[in-house]
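In numbering that gives the first Met the number 0, the protein residues as written are 0 to 302.
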Amino acid sequence: MPEIAIPKLMKTLTTCIALAGLFLFTVPGAHAYGVETQSHSKTWEGVDRPYDVVAPVGTTEPAPAFLLLHYAGGNGAGMIANVEATRWATDHGAFVIAPNAVGGRWADEARVGGSDDVGFIASILEDAIATYPIDSSRIYVVGMSNGGFMATRFACERSDLVAGLGVVAATTRNSQLALCHPEFPVATVLIHGTWDLVVPYSNPVGMLSQPDNFRLWAGFNGCDLSSTVNYALPDGGADITTSAVQRVDECSSGMPVALYTVTRGGHTWPDWKPRLPSVYLGATSRDWSATDELWAALSAYRR
0 MPEIAIPKLM
10 KTLTTCIALA
20 GLFLFTVPGA
30 HAYGVETQSH
40 SKTWEGVDRP
50 YDVVAPVGTT
60 EPAPAFLLLH
70 YAGGNGAGMI
80 ANVEATRWAT
90 DHGAFVIAPN
100 AVGGRWADEA
110 RVGGSDDVGF
120 IASILEDAIA
130 TYPIDSSRIY
140 VVGMSNGGFM
150 ATRFACERSD
160 LVAGLGVVAA
170 TTRNSQLALC
180 HPEFPVATVL
190 IHGTWDLVVP
200 YSNPVGMLSQ
210 PDNFRLWAGF
220 NGCDLSSTVN
230 YALPDGGADI
240 TTSAVQRVDE
250 CSSGMPVALY
260 TVTRGGHTWP
270 DWKPRLPSVY
280 LGATSRDWSA
290 TDELWAALSA
300 YRR
């Protein structure tokens with residue numbers, strides 16, 4: 000599908016998710032922390048920009064934080080709900096910072112014009128660190144689709160602020176390549192479905208294929224690709240997808256890179272809450288949770 004179709008399809012996604020909200024459920028489980036969500040706003044370039052912070056209650060020791068960036072047409076609160084990001088707080092005592100893009104779309108391309116979203120995200124992160132007991136050495140920026148492209152751009156330009164990058168259903172744009180020279184290495188997790196019609200896994204227009212993206216970030220981190228380990232994730236048979244991981248840990252920087260390939264997966268976040276018919280965005284893996292895997296794969300790393 001041509002890249003120009005993304006805004007229209009993501010508008011459909013937003014509508015479908017709103018309808019799907021009637022059927023959302025909560026996964027039961029033991030939680031170590033109570034949480035509260037606090038709404039904030041920051042005036043940036045003359046525009047009031049809201050963002051939510053999910054905070055573990057009673058935390059006094061410095062704790063990690065996830066910057067969570069929504070897809071086009073979405074918002075921070077919806078993204079928190081749809082990927083169940085509060086689990087990072089309830090289960091692990093981490094903070095979640097979820098800002099809103101202007102008009103629902105991040106200025107993720109490295110070009111003149113548009114909002115200075117890199118500056119905005121850096122600014123609210125600075126505010127959050129000043130307000131909450133956040134460990135500034137354990138900040139991870141993650142996002143899906145348009146938010147994944149924005150997370151990539153942020154890691155390219157502000158690697159001094161983050162220890163990890165998580166990208167779901169997105170890659171690195173060609174327009175970013177000339178300006179993507181991370182000053183510091185970042186642990187990287189890439190998650191992508193092979194049947195994604197919005198951001199194709201292979202041979203996309205104007206951006207890297209996901210295998211090439213894996214090699215790009217492995218290069219940034221000084222990884223020896225000959226040491227790449229490949230393994231399959233358990234398949235519960237709940238859907239048509241299967242998933243496998245390529246991971247390289249032998250990196251001179253100490254920061255690994257992992258690619259989670261969801262065979263026959265669509266433009267989705269594995270095991271997110273929306274139960275959408277596959278005709279809209281393709282199949283969603285229900286065998287594993289991207290939310291849980293991002294924590295497991297990134298949270299041990301420090302800047």
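Yeah, the Cβ is synthetic: ideal placement off N, Cα and C, and Gly gets one too.
{"query": "S154 vs V141 beta-carbon contact at 8 Å", "result": "Here residue 154 turns out to be Ala, not Ser, going by the sequence shown. Their beta carbons are not under 8 Å apart, which means A154 does not touch V141 by this criterion."}
{"query": "Which residues DSSP lists as bridging W43, in chain order", "result": "V46"}
{"query": "Host alpha helix (DSSP H) of R214 (start-end)", "result": "209-219"}
{"query": "S277 versus L196, V247, G73, A76, residue with shortest Cα-Cα distance", "result": "L196"}
{"query": "Cα-Cα separation between R301 and A64, rounded to whole angstroms", "result": "11 Å"}
{"query": "Segment contact, 8 Å Cβ cut-off, at least three pairs: the segment 69-76 with the segment 115-134", "result": "no"}
{"query": "Nearest neighbour of D238, chosen from G102, V167, P61, S284 [CA to CA]", "result": "S284"}
{"query": "Check whether T85 and A31 have beta carbons under 8 Å apart", "result": "no"}
{"query": "Test: R263 CB closer than 8 Å to a CB of chain B", "result": "Protein chain content of the structure displayed is limited to a single chain, and chain B is not contained in it."}
{"query": "Three-way DSSP call (helix, strand, coil) for A296 in this model", "result": "helix"}
{"query": "Three-way DSSP call (helix, strand, coil) for H91 in this model", "result": "helix"}
{"query": "S77 - DSSP class collapsed to helix/strand/coil", "result": "The question names Ser, but residue 77 is Gly in the sequence shown. Residue state, collapsed to three classes: helix."}
{"query": "Burial state of S158 (16 or more Cβ within 10 Å)", "result": "buried"}
{"query": "Length of the line joining the Cα atoms of L297 and L164", "result": "8 Å"}
{"query": "One or two residues paired with F65 in a DSSP bridge", "result": "V95, Y139"}
{"query": "Cα-Cα separation between S235 and P273, rounded to whole angstroms", "result": "Rather than Ser, the amino acid found at residue 235 in this sequence is Gly. Taking the straight line joining both Cα atoms gives about 19 Å."}
{"query": "F219 versus T130 - alpha carbon distance", "result": "32 Å"}
{"query": "Limits of the alpha helix (DSSP H) - the one that G205 falls within", "result": "No alpha helix (DSSP H) contains G205, which DSSP labels as neither H nor E."}
{"query": "Reduced DSSP category for A282 - H, G, I as helix; E, B as strand; rest coil", "result": "strand"}
{"query": "T267 versus P49: straight-line alpha-carbon distance, rounded", "result": "25 Å"}
{"query": "DSSP three-state assignment for I239, whether helix, strand or coil", "result": "coil"}
{"query": "Alpha carbon of A62 to alpha carbon of A97, nearest angstrom", "result": "16 Å"}
{"query": "Residue range of the unbroken beta strand (DSSP E) whose run includes A231", "result": "228-231"}
{"query": "Inter-residue Cα distance where the pair is I138 and E156", "result": "15 Å"}
{"query": "Helix, strand or coil at R86 according to DSSP, with G and I counted as helix", "result": "helix"}
{"query": "Reduced DSSP category for A289 - H, G, I as helix; E, B as strand; rest coil", "result": "helix"}
{"query": "R36, DSSP secondary structure in three states", "result": "Looking at the sequence shown, residue 36 is not Arg but Thr. Strand, per DSSP."}
{"query": "Buried or exposed (CB count within 10 angstroms, at least 16 for buried), V167", "result": "buried"}
{"query": "The beta strand (DSSP E) enclosing T260, as first and last residue numbers", "result": "256-262"}
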